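For the sequence shown, the UniProt record's numbering begins at 1 and goes up steadily by one. All C-beta atoms in this analysis are idealised placements derived from N, C-alpha and C, irrespective of residue type, glycine included. All figures in this text were calculated on a predicted structure; none of them were measured in a lab. Data block below; observations after.
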Amino acid sequence: MSILWYTFFVMTNPIVSICIPTYNRAQHLANALESIYQQLKHEPQLAQQVEISISDNASSDATRTVAEMYRLKFPNFTYARNDKNLGADLNYLQVVRNASGEYVWFLGDDDTILPGAIAYVVALVSVHPYDVGGVESVADTKTDIQNQSPYTTDNTFITNNPNTYFHKGYCRGLLSSVIIRRDKMLQQITEDDFMEYWLYYEAALKVLGLGESSYFFVTKPMVSTGQDCRWVENGGELTAFVNSNILHHKMLRWGFDQEALTTMLNTNIKSFPIMLFRAKGHDLPCTFKNFSLILKHSKPLNPLLRGALLIIFLIPNSIIKCARDVRKKYTSHD
């Protein structure tokens, strides 16, 4: 069961729903909402074309209070609080289901949208249909809002070739970079069939590969990211690496160029040892589960590299961290 608030002051459905899945980040959420409000408060027509959809994954902090503060500032605002934590993926799905816009623009709760970005995206998707879109991002420490120039078509890449779009790196795994037609996403994703932690990205890739429309990417930064790196805790790189390769294998069934994908997969697997070093540097547990994961997904490697992986896995994390820190120390002096 969820607590739902709806405040719709217009009769037509919005064009773009900015979907914010959130959990225990009230202050960050306030910053995200403020970045949207500042772009809509003096633009009533634009405000009617945009919806804010928040799915609160049973937060125990002031998230609900923040939502209450902002809900009357927007003509189209939806807040839903889950009775229990659904996990990240089902919360991604929930926030899309609660929305009503033609397009979904995901926004991480610790990210902000840069000035002028919302108006440009709404105008872009209003004149031509796209199945998938994306936007460039920048770390918040590097964002210079004062020197932001207007967005133009010179900043926008458009194609109807999904392979070109993907291999240029424009379909990205960063949540706030993803824009997708809401109906297409809901057609392709179900509650029991998705890649863990990457439901939104799998949806974008699947719609991209199976789509018959156009795709866009704005190459000028539109989102400032909070750079939250909690996902690397406990060696999260291992799961991310494995899931990435599994997802790329799935793409072989979704209409993408098989030769190009196979080449990419063969190249990626060779970086397994480097990835494992990084994961152990972030406290990857030395468990049978992780050992089995490495064995299962390193089969394409030659016996020498595979043996090296197992040796790396058995080296204590403390030694890996020490070697990493020494390398950083001497590299920084170069």
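- Secondary structure at P150: coil, using DSSP grouped into helix, strand and coil.
- Rounded to the nearest whole angstrom, the CA to CA distance from G134 to P150 is 17 Å.
- Beta-bridge analysis with DSSP links C19 to S53 and F106.
- Taking C-alpha positions only, L114 is separated from K299 by approximately 44 Å.
- Of the candidates Q148, Y37, V218 and F194, V218 places its Cα closest to the Cα of K168.
- In summary, M69 is exposed, with fewer than 16 beta-carbon neighbours lying within 10 Å of its beta-carbon over all protein chains present.
- Counting along the chain, G134 sits inside the beta strand (DSSP E) bounded by residues Y130 to A139.
- In this structure N243 touches E196 by the C-beta definition: roughly 7 Å separates them, less than 8 Å.
- Between I54 and T22, the beta carbon gap of about 6 Å places them in contact (Cβ cut-off 8 Å).
- In this structure, T78 keeps its C-beta atom at 8 Å or more from the C-beta atom of A26.
- In this structure, DSSP gives M222 an extended state, which the three-state scheme calls strand.
- The alpha-carbon separation between R182 and F313 amounts to approximately 42 Å.
- If one requires a minimum length of 4 residues, the alpha helix (DSSP H) runs lying completely within the stretch 291-325 are 303-314, in chain order.
- D56 is classed as buried because its beta carbon has at least 16 other beta carbons within 10 Å across all chains shown.
- With a contact defined as Cβ atoms closer than 8 Å, N317 and K289 miss out at about 16 Å.
- Counting C-beta atoms within 10 angstroms of its own C-beta, Q49 has 16 or more neighbours from the protein chains shown and is therefore classed as buried.
- Shown here, F217 sits in a strand according to DSSP, grouped into three states.
- Counting C-beta pairs with one atom in each stretch, the stretch 250-267 and the stretch 169-176 have fewer than three that are closer than 8 Å, which means they do not touch.
- Straight across, the Cα-Cα distance linking V104 with R278 is about 33 Å.
- In this structure the stretch 235-242 does not touch the stretch 118-134; the number of beta carbon pairs closer than 8 Å is below three.
- By the Cβ-count criterion, H42 is exposed, with fewer than 16 other Cβ atoms from all chains shown falling within 10 Å of its own Cβ.
- Shown here for T65: not one same chain residue has a beta carbon closer than 6 Å to its own, the five before and five after excluded.
- Relative to L205, the option among E191, R253 and S35 whose CA is nearest is R253.
- About 18 Å separates the beta carbons of Y165 and F106, which is beyond the 8 Å limit, so they are not a contact pair.
- Shown here for L247: same chain residues with a beta carbon closer than 8 Å to its own, the five before and five after excluded, namely M195, W198, Y201, E202 and L205 in chain order.
- I189 carries a coil assignment under DSSP once its states are collapsed to helix, strand and coil.
- Taking the CA atoms as reference points, T331 sits about 38 Å from M251.
- In the three-state reduction of the DSSP assignment, N85 falls in the coil class, being assigned neither a helical nor a strand state.
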